[in-house]
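Only one structure is covered here, and it is reproduced in the block below.
Chains as they are written, first to last, in the working numbering: chain A, 1 to 646; chain B, 647 to 745; chain C, 746 to 913.
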């Protein structure tokens with residue numbers, strides 16, 4: 001039935017290969033057809049697999065397809081296996097669906113680039129890696145996909161390779177990711193040590209069926225250790241504290257890349273991994289607390305930084321970091337499906353925001369500074385309306401998608417007895433709507449602050465770009481409706497995901513009245529509305545007030561603008577000492593001094609030895625005879641001393 | 647006389663020859679010492695032949711003598727050639743095969 | 746009786762050998778060696794090896810030493826008055842080594858119980874060293890080496906003639 005599952009990642013791989021190897025000679029339309037076609041076919045197949053899955057009864061929706069045995073070494077066996085269950089079905093739909101829309105968008109956005117074929121090849125390769133990641137049936141294969149998306153991220157961030165900053169940003173992304181990956185690998189090792197198996201089903205069933213050996217751990221135990229290590233990997237990939245620093249720099253890449261990889265899919269891999277490992281995490285309350293705290297701190301911190309940034313893509317980057325924090329908060333309090341729900345809605349409206357920003361940049365002829373935009377509402381109407389929808393969605397305004405998902409998270413935080421987390425989340429929601437509408441107003445409202453020659457260039461984007469915008473806009477509007485809470489509507493999404501989370505320990509949330517849920521929903525809308533109102537006051541009604549406020553609170557403004565000096569701190573504390581140690585100690589003393597010295601010294605010693613020894617061969621017969629005699633006498637002495645009496 | 651005396655005698659002769667081989671500077675003297683060493687070995691063989699009542703020792707001596715003759719002849723021929731080229735009979739002068 | 750003869754001829758051989766090494770002029774060394782060889786031939790006779798004794802006199806003392814004397818006659822007057830000694834230490838090394846070796850070997854020898862070495866029990870008429878017996882053994886058991894020696898001598902002759910020929 002789901003025999004075409006293996007095609008879902010492999011067709012984009014084929015597209016990547018074709019475009020990568022032969023694309024240089026293709027026409028742009030052929031490259032586009034290959035790339036978008038493979039993405040589209042992959043989406044159709046993902047949809048077919050999803051419907052196939054629905055044929056099964058809910059508790060049997062767990063299809064493991066083993067393709068071949070990849071590693072068989074002694075006791076260790078790793079197979080190439082795909083797992084199709086509700087969680088991975090949701091993920092492949094998001095990845096291929098949003099991915100396809102972004103591919104179509106890129107036709108228009110990248111049409112003037114020389115490396116057109118290279119871009120699409122890397123994008124298809126990314127789709128392949130991400131699909132491997134979410135479809136993998138064991139930790140090792142998931143790690144393969146994990147690394148693959150990291151690689152594609154590096155390739156795509158550094159797409160404009162003639163720019164030094166792009167190359168540096170790519171390297172930064174890859175290296176910071178790598179640091180996270182160390183934690184991930186250690187986690188996998190620990191899992192293997194404990195369970196001798198890396199298959200998801202095997203490991204999770206063993207945990208669930210042995211509550212004596214794997215209880216919910218009140219203090220540090222093996223499950224907590226595994227969880228914390230896996231979480232380190234997640235902080236790297238999903239840009240949480242302390243490994244988020246690569247994401248803002250990653251905006252050096254083309255905007256579709258930012259939309260696909262750094263908003264909708266790759267950065268959500270960490271969240272997916274956490275939810276996939278819910279049986280482990282739910283039994284490690286300490287780890288969950290860590291996740292929750294880091295999530296909420298990241299959300300708050302990133303939102304504050306986003307308040308003052310002037311580059312349109314940077315604002316969205318910090319917004320992504322902040323929303324990812326929300327997803328981690330959800331998993332941290334134990335509301336795993338709420339985290340995935342927010343992942344889905346975030347994919348819609350964040351991708352839309354990025355693509356819209358790309359449309360704005362395209363219209364402005366490359367300008368990215370918000371302070372030099374303005375009044376684009378008239379020039380780019382489609383972009384304006386779709387971005388407005390996305391901004392409303394992310395702010396959490398009823399009845400758009402973001403409201404349901406964000407509200408679910410905040411309610412979970414409160415009802416599971418984390419009031420402080422709720423409060424910070426609540427404050428962050430207000431900040432979110434503020435900076436989002438700041439962006440909208442600065443770009444689209446008021447009068448243009450751009451120079452004269454740009455005015456002639458302003459135009460709405462072509463249909464290949466506005467089409468996906470509209471599609472994503474519709475999804476942002478209706479996407480939340482699948483996740484209506486049980487007491488309003490069908491609660492489809494959460495019930496659908498239940499089989500995937502069956503093996504997790506679920507503490508019962510406190511029974512609260514529907515009234516209090518409604519109250520909190522109202523509070524969320526109110527704080528979002530307040531954010532919009534303040535943004536309106538500061539950027540439309542009285543544009544100068546923003547500047548005045550910046551001057552009055554000069555120091556705070558500077559700290560926020562400089563991103564709390566985190567990059568500078570990392571440079572001073574970690575990077576520069578490491579580079580100095582490398583250069584002075586490892587290179588000069590160890591490599592050149594010790595190793596070269598030893599090798600050269602060995603050679604020199606032999607040479608000196610030979611210089612002395614060569615005098616034995618002096619050509620004199622008498623001397624040779626003497627040596628023979630010496631040898632003979634030595635042998636005789638030996639016999640005399642040791643072998644006498646035989 | 648028992649065997650031991652003969653053996654010790656031949657030992658003494660041998661080492662006189664060996665030391666002479668190292669000490670002497672004239673090529674021909676060196677050859678003479680060589681012959682002495684061979685003769686000491688022959689003496690050992692004959693002594694053992696008598697002691698063991700076997701003839702093989704003496705046969706071996708016979709062959710040693712033949713070989714010594716041939717070797718002496720060839721060696722002296724080489725000495726003559728060497729003298730022709732280098733015009734000296736010093737052993738230490740033929741030392742070009744060195745480092 | 747044998748003891749006296751042994752010590753007599755043994756002593757002569759030894760003295761002649763030492764004299765050979767000690768002489769400065771090569772002709773005296775050669776003559777000393779001849780005396781030594783004759784003494785050794787006498788020792789062979791004591792050891793009941795008449796054939797070998799005769800061969801020693803004829804071949805060694807008679808042929809080889811004459812060859813030596815001829816070469817000395819040819820070359821010695823023309824050799825340099827003072828022969829070069831490039832490594833003086835060799836002399837001392839040789840002396841020390843010789844003494845050391847003797848010091849080791851003689852006690853070693855004395856420690857072996859040679860009288861316990863088994864003797865071949867069969868007896869041959871006349872003794873094993875007679876021309877008769879040796880002739881028999883030589884031409885039956887050792888025929889091949891015997892013929893080979895003739896080849897060897899032939900090769901030696903050719904080699905010598907080629908080497909020593911005057912280049913004209």
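Backbone N, C-alpha and C define an ideal beta-carbon position, used for all residues, glycine too.
Given residue i as reference, the closest of the options once Cα atoms are compared
{"i": "residue 867 (chain C)", "options": "B:705, B:712, B:738 and B:698", "result": "B:698"}
{"i": "residue 796 (chain C)", "options": "C:755, C:878 and C:775", "result": "C:878"}
{"i": "residue 21 (chain A)", "options": "A:177, A:384 and A:118", "result": "A:118"}
{"i": "residue 238 (chain A)", "options": "A:254, A:262 and A:216", "result": "A:262"}
{"i": "residue 45 (chain A)", "options": "A:66, A:250, A:8 and A:595", "result": "A:8"}
{"i": "residue 559 (chain A)", "options": "A:533, A:304, A:470 and A:385", "result": "A:304"}
{"i": "residue 424 (chain A)", "options": "A:403, A:467 and A:326", "result": "A:326"}
{"i": "residue 83 (chain A)", "options": "A:63, A:75, A:100 and A:96", "result": "A:63"}
{"i": "residue 689 (chain B)", "options": "B:733, B:732 and B:650", "result": "B:650"}
{"i": "residue 873 (chain C)", "options": "C:793, C:753 and C:846", "result": "C:793"}
{"i": "residue 701 (chain B)", "options": "C:807, C:910, C:886 and C:847", "result": "C:886"}
Three-state secondary structure assigned by DSSP to residue i
{"i": "residue 136 (chain A)", "result": "strand"}
{"i": "residue 113 (chain A)", "result": "coil"}
{"i": "residue 887 (chain C)", "result": "coil"}
{"i": "residue 422 (chain A)", "result": "helix"}
{"i": "residue 73 (chain A)", "result": "strand"}
{"i": "residue 741 (chain B)", "result": "coil"}
{"i": "residue 723 (chain A)", "result": "Absent from the structure is residue 723 (chain A), since the part of chain A shown begins at 1 and ends at 646."}
{"i": "residue 79 (chain A)", "result": "strand"}
{"i": "residue 672 (chain B)", "result": "strand"}
{"i": "residue 84 (chain A)", "result": "strand"}
{"i": "residue 369 (chain A)", "result": "strand"}
{"i": "residue 311 (chain A)", "result": "strand"}
{"i": "residue 27 (chain A)", "result": "coil"}
{"i": "residue 153 (chain A)", "result": "helix"}
{"i": "residue 656 (chain B)", "result": "helix"}
{"i": "residue 555 (chain A)", "result": "helix"}
Closer than 7 Å to chain E by CB, residue i
{"i": "residue 838 (chain C)", "result": "Given the protein chain composition of this structure (A, B and C), no chain E is represented."}
Distance, residue j Cα to residue i Cα
{"i": "residue 300 (chain A)", "j": "residue 419 (chain A)", "result": "15 Å"}
{"i": "residue 380 (chain A)", "j": "residue 573 (chain A)", "result": "46 Å"}
{"i": "residue 1 (chain A)", "j": "residue 49 (chain A)", "result": "Because the pLDDT of residue 1 (chain A) is 47, which lies under 50, any placement of that residue in the model is unreliable, and the question is left without a value."}
{"i": "residue 762 (chain C)", "j": "residue 908 (chain C)", "result": "30 Å"}
{"i": "residue 274 (chain A)", "j": "residue 59 (chain A)", "result": "21 Å"}
{"i": "residue 610 (chain B)", "j": "residue 819 (chain C)", "result": "No answer is possible for residue 610 (chain B): the residues shown for chain B start at 647 and end at 745."}
{"i": "residue 565 (chain A)", "j": "residue 146 (chain A)", "result": "29 Å"}
{"i": "residue 585 (chain A)", "j": "residue 233 (chain A)", "result": "30 Å"}
{"i": "residue 791 (chain C)", "j": "residue 747 (chain C)", "result": "7 Å"}
{"i": "residue 3 (chain A)", "j": "residue 65 (chain A)", "result": "8 Å"}
{"i": "residue 503 (chain A)", "j": "residue 205 (chain A)", "result": "7 Å"}
{"i": "residue 349 (chain A)", "j": "residue 463 (chain A)", "result": "19 Å"}
{"i": "residue 765 (chain C)", "j": "residue 724 (chain B)", "result": "22 Å"}
{"i": "residue 278 (chain A)", "j": "residue 229 (chain A)", "result": "14 Å"}
{"i": "residue 703 (chain B)", "j": "residue 628 (chain A)", "result": "26 Å"}
{"i": "residue 683 (chain B)", "j": "residue 593 (chain A)", "result": "58 Å"}
{"i": "residue 760 (chain C)", "j": "residue 832 (chain C)", "result": "28 Å"}
(message) If the cut-off is 7 Å on Cβ atoms, which residues from the stretch 840-867 of chain C count as contacting chain A, listed in chain order?
(response) Against chain A - using a Cβ distance shorter than 7 Å - the residues of the stretch 840-867 of chain C are 842, 845, 846, 849, 850, 853 and 856.
(request) Please determine if the stretch 713-732 of chain B and the stretch 896-912 of chain C are in contact, where contact requires at least 3 C-beta pairs separated by less than 8 Å. (result) Touching, per the Cβ criterion.
(request) Could you run through the stretch 706-726 of chain B and flag, in chain order, every residue whose CB is less than 9 Å away from some CB of chain C? (result) Taking 9 Å as the Cβ-Cβ cut-off against chain C, the residues of the stretch 706-726 of chain B that qualify are 707, 708, 709, 711, 712, 713, 714, 715, 716, 717, 718, 719, 720, 722, 723, 724, 725 and 726.
(request) Using a Cβ-Cβ cut-off of less than 7 Å, give me the residues of the stretch 895-907 of chain C that come near chain B, in sequence order. (result) Those would be 897, 898, 901, 904 and 905, in chain order.
(message) For the stretch 285-293 of chain A against the stretch 352-360 of chain A, do three or more pairs of beta-carbon atoms, one drawn from each stretch, fall closer than 8 Å, so that the two count as touching?
(response) In short, these stretches do not touch, since the Cβ pair count stays below three.
(message) Whether or not the stretch 218-226 of chain A and the stretch 84-104 of chain A are in contact is what I'm after, with contact meaning three or more pairs of Cβ atoms, one per stretch, closer than 8 Å; do they touch?
(response) With fewer than three CB-CB distances shorter than 8 Å, the stretch 84-104 of chain A does not count as touching the stretch 218-226 of chain A.
(request) State whether the stretch 524-537 of chain A contacts the stretch 391-399 of chain A, with contact taken as three or more CB pairs (one from each stretch) at a distance under 8 Å. (result) Taking one beta carbon from each stretch, the stretch 524-537 of chain A and the stretch 391-399 of chain A have 3 or more pairs nearer than 8 Å; the two touch.
(message) Across the stretch 372-386 of chain A and the stretch 266-286 of chain A, are there enough close Cβ pairs to call them in contact, namely three or more that are closer than 8 Å?
(response) In short, these stretches do not touch, since the Cβ pair count stays below three.
(message) Count Cβ pairs between the stretch 736-743 of chain B and the stretch 671-682 of chain B that sit closer than 8 Å; are there 3 or more?
(response) Because the criterion of three Cβ pairs below 8 Å is met, the stretch 736-743 of chain B and the stretch 671-682 of chain B touch.
(request) Taking a Cβ distance cut-off of 7 Å, strictly less, list which residues of the stretch 872-895 of chain C are near chain B, in chain order. (result) Under the 7 Å Cβ criterion, the stretch 872-895 of chain C contributes 873, 874, 878, 879, 882, 883, 887, 890 and 894.
(message) By the 8 Å beta-carbon criterion, what residues does the stretch 609-627 of chain A contribute toward chain B?
(response) For the stretch 609-627 of chain A, which is checked against every Cβ of chain B, the residues closer than 8 Å are 614, 615, 617, 618, 619, 620, 621, 622, 625 and 626.
(message) Three Cβ pairs or more, each shorter than 8 Å: is that satisfied between the stretch 246-253 of chain A and the stretch 169-176 of chain A?
(response) Flag = yes, the stretch 246-253 of chain A and the stretch 169-176 of chain A touch.
(request) May I ask you to list, following chain order, the residues of the stretch 662-686 of chain B that have a beta carbon less than 7 Å from some beta carbon of chain A? (result) Listed by position, the residues of the stretch 662-686 of chain B near chain A (Cβ gap below 7 Å) are 664, 667 and 668.
(message) With three or more C-beta pairs closer than 8 Å as the rule, is the stretch 748-755 of chain C touching the stretch 834-851 of chain C?
(response) Too few Cβ pairs lie closer than 8 Å, so no.
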